[in-house]
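Numbering of the sequence shown is given in my numbering, commencing with residue 653 and proceeding in unit increments.
Cβ coordinates follow ideal geometry from the N, Cα and C atoms, glycine included.
Reading through the structure tokens given below for one structure.
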Amino acid sequence: MTVYSGPVFEMAVNQFNVIANYLEIPMDERDRLLMPKRAITVSCPIHKDDGTVAVFEGYRVQHHLTLGPTKGGTRFAPTVDIGEIGALAIWMSWKCALVGLPYGGAKGGVNVDLGRLSKRELEALSRRYMQEMIPFVGPHTDVMAPDMGTNEQVMAWFMDTYSMYQGQTVTEIVTGKPVSSGGTLGRREATGRGVAYLSKRVMKEAGICMGDATAVVQGFGNVGSYAALELYNAGVKIIAVSDHTGALHCATGLDVPALMKHTSIHGSIAGFSVELAFDPAAILLLPCTVLIPAAMERVIDREVAERLQCRILAEGANGPTTPDADVVLDHRKDEIFVIPDILCNSGGVVVSYFEWVQDLQQLFWEESEVTRREYEILDRAFTQMVARASADHVAHRTAAMAIGVEKVRAAKNTRGLFP
Ligand code: GLU
């Protein structure tokens, strides 16, 4: 038992054990690599619009401090608990190491149902959360970013709150900010673009023509919507999407720009079309070329994995596939090409890194440079993953995580154990 005990953390532990066995990591090194260095819990009281006071529980987990500051998003959702945040922090570590960023992993969150907060209450909660975290974060200590339930506006409030306490503007304290407040061009689109870029690379290498391809996207937030748009622009038919309000299905392809316009006004896909309404639970099982889970963790379990009808599984979400499902997918590897989460969605943190570098230097890049460098990093990591998987006859996830774990392990071992 640890404070993190729960199904999501257990999943991160099980995945790590697979890697540690494959890499033959001695038992006495394993806990040092796996267990998070720090976990912070804060209570965030705010004034509600009705004059009462509400208190929300907030968390931040910093997984390891070996390679530089810790880095990762902040999640506002009713499912958030310390175990989920711990698992997400660990995954951030393997992700950052895989793509070669000088960071350890972190993640934070607040257990809150955003549907019950007004905009003013959300601002109060965002500011109070950051204010409570001030002793534990910093541009060279821990750098936050958006995740589920947070966005550019929340990052601007975080940055403003931190800066007000410092007496000067510190843009490099968070990434994913609006471009008008020290953010970088291309960050908003970065994660979805990366998902689409890698999916297109796999399609090209498999000889699949974009015009014949179809995609299904679960989750139409920042990641899912931009992934869908990039594929749509490449000629891929987006035959189904879903979000927390429902799903839409159209065999001839949805009008993704129109849908994005709708969600920017109404906040969800609800009300876009009555005729196209579909069962959200069935969306993952639709026959398609590319399936993009871009919502929650653990949506693809063993049973779902057995029934998937996609050619490419491009994991936009963090942890969408359980270790049980991985066993099934390993048997089905000739039918389904898996682009594992820590590679597939890493475009977001890669461009966050570019934002941090630009803020530190106060030297800003063109969007074309941001995107070119993002794709260069994704290509390199993809090539390494595929080569490792085929050389060692292991699954793509095992190869990708092993590359990440090895880098963290090498840094820990060369630095030594103090004192
Ligand atoms: N929340 C995103 C992720 O899970 C982005 C993290 C970041 O940009 O630091 O990768």
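message = So the candidates are K759, R772, A739 and A1052; which of them puts its Cα closest to the Cα of R1032?
response = Residue numbering aside, residue 1032 sits at position 380 when the sequence shown is read from its first letter. Minimum Cα-Cα distance from R1032 among the listed residues K759, R772, A739 and A1052 corresponds to A1052.
ask   = For the region 989-1000 against the region 837-848, are there 3 or more C-beta pairs whose distance is under 8 Å?
value = Enough Cβ pairs lie closer than 8 Å, so yes.
task = Using beta-carbon positions only, say whether L719 and A1039 come within less than 8 Å of one another.
result = Position 67 of the sequence shown, counted from the first residue, corresponds to residue 719. Position 387 of the sequence shown, counted from the first residue, corresponds to residue 1039. Going by C-beta atoms, L719 is not nearer than 8 Å to A1039.
task = Look at the Cβ atom of Q714, then the Cβ atom of T836, and state whether they are nearer than 8 Å.
result = Within the sequence shown, numbered from 1, the residue matching residue 714 stands at position 62. Within the sequence shown, numbered from 1, the residue matching residue 836 stands at position 184. No. Outside cutoff.
ask   = By Cβ distance, which residues of its chain are closer than 7 Å to D976, with the 5 residues on each side in sequence left out?
value = By 1-based counting over the sequence shown, the position of residue 976 is 324. Cβ neighbours of D976 beyond the five flanking positions: D953 and R954.
ask   = In three-state DSSP terms, what is F728?
value = As a position in the sequence shown, residue 728 is number 76, starting the count at 1. In the structure shown, F728 sits in a strand (DSSP, three-state: E or B).
inquiry  = Taking the alpha-carbon of L627 as reference, which of T693, T731, V660 and D765 has the nearest alpha-carbon?
reply    = It is not possible to answer for residue 627, since the shown part of the chain is limited to 653 through 1071.
Strand pairing of L1030, partner residues [DSSP] = Here residue 1030 refers to the residue found at position 378 of the sequence shown. None; L1030 has no bridge partner.
query = Hey, how far is the Cα of D683 from the Cα of A672?
reply = Here the question's residue 683 lines up with position 31 in the sequence shown. Here the question's residue 672 lines up with position 20 in the sequence shown. Distance between the alpha carbons of D683 and A672: 11 Å.
ask   = What is the residue span of the alpha helix (DSSP H) that D683 lies within?
value = Locating residue 683 in the sequence shown gives position 31, where the first residue counts as 1. That run of the alpha helix (DSSP H) goes M679 to L686.
For S851 and I1029, the rounded distance between their alpha carbons = Residue numbering aside, residue 1029 sits at position 377 when the sequence shown is read from its first letter. Residue numbering aside, residue 851 sits at position 199 when the sequence shown is read from its first letter. Straight-line measurement puts the Cα of S851 at about 15 Å from the Cα of I1029.
query = Ends of the alpha helix (DSSP H) at A691?
reply = On the sequence shown, residue 691 is found 39 positions in, with the first residue counted as 1. Counting along the chain, A691 falls outside any alpha helix (DSSP H), though it belongs to the beta strand (DSSP E) covering R690 to H699.
Nearest residue (CA-CA) to E676, options P1071, V1057, G1068 and R839 = Along the sequence shown, one-based indexing puts residue 676 at 24. Selected option, being the one with the closest Cα: V1057.
query = Quick one: what does DSSP say R772 is sitting in, helix, strand or coil?
reply = As a position in the sequence shown, residue 772 is number 120, starting the count at 1. R772: helix per DSSP, three-state reduction.
key: Those runs of the alpha helix (DSSP H) which lie wholly inside the region 776-823 and span at least 4 residues   = Within the region 776-823, the complete alpha helix (DSSP H) runs of at least 4 residues are 804-818.
inquiry  = Please list the terminal residues of the continuous beta strand (DSSP E) segment that includes G761.
reply    = On the sequence shown, residue 761 is found 109 positions in, with the first residue counted as 1. Looking at the DSSP string, the run of the beta strand (DSSP E) that includes G761 is G756 to N763.
3 or more residues per run - each beta strand (DSSP E) lying fully within the region 937-987 = Scanning the region 937-987 from its first residue to its last, the whole beta strand (DSSP E) runs of 3-plus residues come out as 940-945 and 962-966.
key: Helix, strand or coil at K747 according to DSSP, with G and I counted as helix   = Locating residue 747 in the sequence shown gives position 95, where the first residue counts as 1. It is helical.
message = Once the 5 residues before and after F788 are set aside, which same chain residues still bring their CB inside 6 Å of it?
response = Translated into positions along the sequence shown, residue 788 becomes position 136. Within the same chain, and ignoring the five residues on either side of F788 in sequence, the residues whose Cβ sits closer than 6 Å to its Cβ are I692.
query = How long is the line joining the alpha carbons of H617 and L965, rounded to whole angstroms?
reply = Residue 617 is absent from the structure shown; the chain starts at 653 and stops at 1071.
query = Can you list the alpha helix (DSSP H) stretches of 4 or more residues lying completely in the region 831-911, in chain order?
reply = Qualifying alpha helix (DSSP H) stretches, in chain order: 839-857 and 874-885.
key: Selection from A934, L960 and N874 that minimises the alpha carbon distance to E987   = Taking the first residue of the sequence shown as 1, we reach residue 987 at position 335. The candidate whose alpha carbon is nearest that of E987 is L960.
message = For R1067 and G752, what's the separation of their Cα atoms in angstroms?
response = The residue you call residue 1067 lines up with position 415 of the sequence shown. The residue you call residue 752 lines up with position 100 of the sequence shown. About 18 Å.
inquiry  = From the DSSP secondary-structure annotation, give me the bridge partner or partners of G923.
reply    = Taking the first residue of the sequence shown as 1, we reach residue 923 at position 271. Answer is none; G923 lacks a bridge partner.
request  = Determine, using beta-carbon pairs with one atom in the region 813-821 and one in the region 744-762, whether at least three such pairs fall under 8 Å.
outcome  = As far as the Cβ criterion goes, the region 813-821 does not touch the region 744-762, which means the pair count is below three.
ask   = Tell me the DSSP bridge mates of A706?
value = As a working note, residue 706 is residue 54 in the sequence shown. For A706, the pairing in a beta bridge is given by DSSP as I698.
ask   = Going straight from the alpha carbon of S925 to that of M862, what length do you get?
value = Taking the sequence shown and counting its residues from 1, the one referred to as residue 925 is at position 273. Taking the sequence shown and counting its residues from 1, the one referred to as residue 862 is at position 210. When rounded, the separation of the alpha-carbon atoms in S925 and M862 is 26 Å.
query = According to DSSP, is V1001 helix, strand or coil?
reply = Mapped onto the sequence shown, residue 1001 falls at position 349. The three-state secondary structure of V1001, taken from DSSP, is helix.
key: Y674 - DSSP class collapsed to helix/strand/coil   = Here residue 674 refers to the residue found at position 22 of the sequence shown. Helix.
inquiry  = In the DSSP output, which residue or residues are listed as bridge partners for T915?
reply    = As a working note, residue 915 is residue 263 in the sequence shown. In the DSSP assignment, T915 forms no beta bridge with any residue.
query = Are the beta-carbon atoms of S920 and H896 separated by less than 8 Å?
reply = Position 268 of the sequence shown holds residue 920. Position 244 of the sequence shown holds residue 896. Taking a C-beta distance under 8 Å as the contact criterion, S920 and H896 qualify as a contact pair.
Closest by C-alpha distance to R768, when choosing among T726, V1022, P830 and F708 = One-based indexing of the sequence shown puts residue 768 at position 116. Sorting T726, V1022, P830 and F708 by C-alpha distance to the C-alpha of R768 places F708 at the top.
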